[in-house]
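Trainee:
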Amino acid sequence: IDRPLGSAHPRHPDMIYPINYGYVDGVFAGDGSEQDVYVFGTDQPLQTYTGKVVAVYHRFDDVEDKWIVSLNGEDISDDKILGEISFQEQFFYGTICR
């Protein structure tokens, strides 16, 4: 987790993360960087995580997708996903894939 819940975006300090956000070490995305993930299942800031990918937010106007990870493996509704990730994804056009 490189942007824990409650932290500010490194280039946009007014953007505060309402959810833990990080990456999968050793798995590379379309942009050549490690695969980004939104981590659901806790209201506490994390440093590391283990979970299950339950959905993917596919950006139509970008080269990378965001994995939706559930710490406990439980399914997460599309409405809950969109509500939690909209702070950042509102700037992109995308959809949830399962």
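Numbering (this note's numbering), first residue to last: 3 to 100.
Every residue gets a Cβ at the ideal spot worked out from N, C-alpha and C, and that includes glycine.
What would DSSP say about residue 87, mapped onto helix, strand or coil?
Mentor: helix
Trainee: Quick check: the Cα distance between residue 21 and residue 87, rounded to an integer number of angstroms?
Mentor: Their backbone Cα atoms lie some 8 angstroms apart in a straight line.
Trainee: Just mark residue 38 as buried or exposed, buried being the case when its beta carbon has 16 or more other beta carbons within 10 Å.
Mentor: buried
Trainee: Below 6 angstroms CB to CB, which residues in the same chain sit around residue 70 once its five sequence neighbours on both sides are set aside?
Mentor: 40, 56, 57 and 83
Trainee: Can you grab the Cα-Cα spacing for the pair residue 30 / residue 78, in whole Å?
Mentor: 24 angstroms
Trainee: Going by DSSP in three states, residue 81 sits in which element: helix, strand or coil?
Mentor: helix
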